Amino acid sequence: MSKQQGGQRKGKTKVEGTKKNFRKGDGKGHAFFKKAEPKPKKPSNPNEIRLNKYVANSGMCSRREADVHIATGLVSVNGKIITEMGYKVKVGDEVRYDGARINPEKKAYVLLNKPKGFATTTSEGKGRTVMDLVANATSSRIKPIGRLGRNSKGLLLFTNDDVIVDKFTNSKNGVARLFHIELDKNLKFEDLKKIQEGFKVQGKLIAVEEISYIDGASKKEIGLKIKNTGNTIIRTIFDYLKYDIISLDCVAIGHLTKKDIPRGHWKHLTEQELNTLKML
Numbered sequence: 001m002s003k004q005q006g007g008q009r010k011g012k013t014k015v016e017g018t019k020k021n022f023r024k025g026d027g028k029g030h031a032f033f034k035k036a037e038p039k040p041k042k043p044s045n046p047n048e049i050r051l052n053k054y055v056a057n058s059g060m061c062s063r064r065e066a067d068v069h070i071a072t073g074l075v076s077v078n079g080k081i082i083t084e085m086g087y088k089v090k091v092g093d094e095v096r097y098d099g100a101r102i103n104p105e106k107k108a109y110v111l112l113n114k115p116k117g118f119a120t121t122t123s124e125g126k127g128r129t130v131m132d133l134v135a136n137a138t139s140s141r142i143k144p145i146g147r148l149g150r151n152s153k154g155l156l157l158f159t160n161d162d163v164i165v166d167k168f169t170n171s172k173n174g175v176a177r178l179f180h181i182e183l184d185k186n187l188k189f190e191d192l193k194k195i196q197e198g199f200k201v202q203g204k205l206i207a208v209e210e211i212s213y214i215d216g217a218s219k220k221e222i223g224l225k226i227k228n229t230g231n232t233i234i235r236t237i238f239d240y241l242k243y244d245i246i247s248l249d250c251v252a253i254g255h256l257t258k259k260d261i262p263r264g265h266w267k268h269l270t271e272q273e274l275n276t277l278k279m280l
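Throughout the sequence shown, residue numbering follows the UniProt record's numbering, covering 1 to 280 in sequence.
Shown next as structure tokens:
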């Protein structure tokens with residue numbers, strides 16, 4: 001044997017030296033390449049949504065523009081500025097764009113003519129509630145603005161639009177609501193004047209917009225206009241003056257009336273009604 005033929009160094013061949021790149025063969029000297037195992041995909045959480053999609057779905061901008069707004073620090077979640085791409089928002093998180101709260105749901109405005117026997121609450125376990133009456137009105141998560149007592153009736157506005165809610169609750173001007181009230185006895189004229197002029201109960205001024213007797217009815221029936229979103233103030237007034245309220249009916253909210261809305265039914269605001277409400 002020549003030196004060239006017999007002088008090869010013993011040891012691993014090139015293929016054998018890269019054995020670690022192979023998996024076990026078939027027992028006949030054949031080796032197979034090892035296939036990379038695919039990474040399992042994380043199941044998507046239906047209660048989470050990417051922040052850029054959330055912003056885009058709110059109608060503020062496109063998803064691509066949302067990425068820019070997020071990167072420049074214009075978007076916050078639960079009070080914290082988020083610049084992370086791919087950040088996911090959970091159901092119930094408070095998302096704000098340039099300081100204003102946004103919502104990816106379609107804006108909905110539902111006007112209900114509430115009957116007696118339904119509580120104004122979104123909580124479960126309270127018996128029959130106004131949410132049962134508007135359950136089929138929209139898929140958006142609407143809530144009532146203000147409240148009417150279980151035994152009160154009349155107009156109640158529902159929405160998921162924080163701008164409209166603020167108009168009722170935070171604005172100095174507010175939105176007036178007109179009530180038709182029936183008392184257990186005639187309202188004395190001096191008491192009517194006292195309510196009209198305003199008075200203090202436990203150091204707190206109680207004031208209304210307007211009050212008057214109902215034309216063609218007894219002095220037990222009055223019309224009362226207030227800008228407070230609840231009806232507690234009405235109870236306070238007549239408890240203080242020693243009257244019992246037999247019936248309380250909200251007959252108007254701003255320019256909105258009960259026309260064509262039977263008791264227990266609802267309707268969506270028209271575009272004209274909504275525009276007028278926004279201008280109040």
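For glycine and all other residues, C-beta sits at the position ideal for the given N, C-alpha and C. None of the values given here were measured: they were computed from a predicted structure.
- At a Cβ-Cβ threshold of 8 Å, L248 and F179 count as neighbours.
- Check the Cα spacing between V163 and each of K259, I102, L74, V95: the tightest is with I102.
- In this model, L256 and E273 are separated by some 7 Å (Cα to Cα).
- Selection K116, I214, E48, E209 evaluated against V91 yields E48 as nearest (Cα-Cα).
- The beta carbons of I206 and G198 sit closer together than 8 Å.
- Boundaries of the beta strand (DSSP E) harbouring Y109: 109 to 114, taken from the DSSP string.
- Put simply, the backbone Cα of Y213 is about 6 Å away from that of G223.
- Checking the DSSP bridge columns, you'll see K225 partnered with L178, E210.
- In the three-state scheme derived from DSSP, where H, G and I count as helix and E and B as strand, R128 is classed as coil.
- Sequence-distant Cβ neighbours of N52 in its own chain, meaning closer than 7 Å and more than five residues away, are R63, A66, D67, I70.
- The three-state reading of DSSP puts H69 in helix, counting H, G and I together.
- Remark: C-beta atoms of L157 and K114 do not approach each other more closely than 8 Å.
- According to the DSSP secondary-structure assignment, E105 is paired through a beta bridge with no residue.
- For F238, the CB contacts under 6 Å within the same chain, skipping 5 residues up- and downstream, are I245 in chain order.
- Inside the segment 125 to 164, DSSP marks whole beta strand (DSSP E) runs of 3 or more residues at positions 153 to 159, from first to last along the chain.
- At a Cβ-Cβ threshold of 8 Å, V165 and I145 count as neighbours.
- Note on geometry: alpha-carbon atoms of R128 and L148 lie some 13 Å from one another.
- Around the beta-carbon of V201, fewer than 16 other beta-carbon atoms lie within 10 Å, marking it exposed.
- For V77, the enclosing beta strand (DSSP E) stretches over residues 75 to 77.
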